[in-house]
Amino acid sequence: MSKSIPQLKIVNRLHVFRAERRMTQEQLAKEVGVTRATIVAIEGGNYNPSLELAFRIARYFRADINAIFSIEEEMK
């Protein structure tokens, strides 16, 4: 009998933090040193930021990194 190993998926609330501050994706991108396309990809769940970028984003919003990024387990 094989055991199912959960797949980990990073989810984020970046769009919520950005919307609360009425920021555009372009504005946030400039503040954290990436392109707008990177912010679009992160918010859309198509790109997981590096640990460094995740911390830069959390620091910018003065929030705990876990408030913005979290991990969900999916059984495959």
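Residue numbers (the working numbering): 3 to 78.
Note that the Cβ used here is the ideal one computed from N, Cα and C, for glycine as well.
Closest residue to leucine 30 among Leu55, Glu76, Glu74 and Ile73 (Cα-Cα distance): Leu55
Neighbourhood of phenylalanine 57 by C-beta, 7 Å cutoff - its chain only, sequence neighbours within 5 removed: Ile67
Pairwise C-alpha distance: lysine 5 and isoleucine 44: The alpha-carbon atoms of isoleucine 44 and lysine 5 are separated by roughly 31 Å.
According to DSSP, isoleucine 12 sits in a beta bridge with which residue or residues? Ile73
Checking 7 Å against the spacing of the C-beta atoms, do valine 13 and glutamate 74 come in under that value? yes
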